[in-house]
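Colleague:
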Amino acid sequence: VYSDGRHPDAVTFSTAEEDALRRDFTINGMFFDPLENGVLDFVGGQADLQRGLVRAIGDPHARFAEDKLRMLRAVRYEQRFGFRLETATEKLLREDVAMLHAISGDRTRHELELILKEERPEKVLRRAGDLGLLVEVHPSLKGDGWLKKVFEKARESASPPSPALCFGLLTYRFSEPECEDFVARL
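Numbers 7 to 192, taken from the numbering used here, label the letters of the sequence shown in order.
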C-alpha cells in the first residue's frame with residue numbers, strides 16, 4: 007500500500023521476483039546476477055527492450071497510483087529511447103492523468119529538470135502535452151505550438167540549453183501571476 011502516492015507504508019524483504027513485480031516499467035524491472043553473470047527478467051523487460059516498448063509492470067493503474075510521477079517518467083523514457091508506450095499503459099496513463107495533482111512540487115520540478123536535460127526536451131514536452139500531462143503540471147502549459155520555436159531559439163544561444171534557460175522558456179508566455187504560481191508550486 008502506498009498511502010502517500012510515493013512510498014510504501016511498510017517494507018519487507020522479498021525475493022528478486024517480488025521486487026521486480028513492484029517496479030514501474032518492464033525495462034526497469036530486470037536485475038543483473040553477478041554470480042551467474044546473467045540477467046534476471048521476471049517481467050518481460052528484455053522482450054520490451056527489443057520491441058521498443060515502455061510497458062507498466064502488471065496493472066498500469068496500480069503502478070501509477072503507487073507513484074504518480076511514473077506518468078511523466080514513462081513519457082521521458084519513451085522519447086529518450088525512441089520507444090512507444092504500450093497500448094494499455096498509454097490508455098491508463100490518459101485516464102489517470104488527473105492524479106498528477108498529488109505529486110509534490112519538488113518532485114515535479116526534479117522530473118521537469120530531467121526532461122529539460124534531454125537532448126530534445128521539446129519532444130518529451132510535446133508528447134506530455136498530447137497525453138494531457140503538461141496541463142496537469144500547470145494549466146498555463148497548454149498547447150504545444152510554441153515548443154519547437156522556443157527550443158530552437160534556446161539552442162541558438164546555448165548548446166545544450168541549461169535547465170534554467172529551459173524553465174524560463176517554459177514560462178515565457180505566462181502572465182506574472184501564472185509565473186509566480188508555477189514557481190511557488192515547484
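The beta carbon of each residue, even a glycine, is placed where N, CA and C say it ideally should be.
Keep in mind the model is a prediction, meaning the values are calculated, not measured.
1. Using the Cβ count rule (16 or more neighbours within 10 Å means buried), how would you classify L175?
2. Hey, is the segment 40-47 in contact with the segment 68-79, meaning 3+ C-beta pairs nearer than 8 Å?
3. Taking the beta carbon of T21 as the centre, do at least 16 other beta carbons fall within 10 Å, making it buried, or is it exposed?
4. If you compare alpha carbons, which of V45, D54, Q85, R29 is closest to P66?
5. Does D102 come out as helix, strand or coil in the three-state DSSP assignment?
6. Which full runs of the alpha helix (DSSP H) of 4+ residues lie inside the segment 21-89, going along the chain?
7. So, does the segment 53-62 touch the segment 81-89, judging by three or more C-beta pairs under 8 Å?
8. Helix, strand or coil for L192 per DSSP?
Modeller: From the atom records:
1. When all chains shown are included, L175 counts as buried.
2. Between the segment 40-47 and the segment 68-79, the count of C-beta pairs closer than 8 Å stays below three; the two stretches do not touch.
3. Around the Cβ of T21, a 10 Å sphere holds fewer than 16 other Cβ atoms; the residue is exposed.
4. Measuring C-alpha to C-alpha distances from P66 to each of V45, D54, Q85, R29 identifies R29 as the nearest.
5. Three-state DSSP puts D102 in a helix.
6. Taken in chain order, the complete alpha helix (DSSP H) segments of 4 residues or longer contained in the segment 21-89 are 22-27, 51-57, 66-72, 76-87.
7. Taking one beta carbon from each stretch, the segment 53-62 and the segment 81-89 have 3 or more pairs nearer than 8 Å; the two touch.
8. The answer is coil: DSSP assigns L192 none of H, G, I, E or B.
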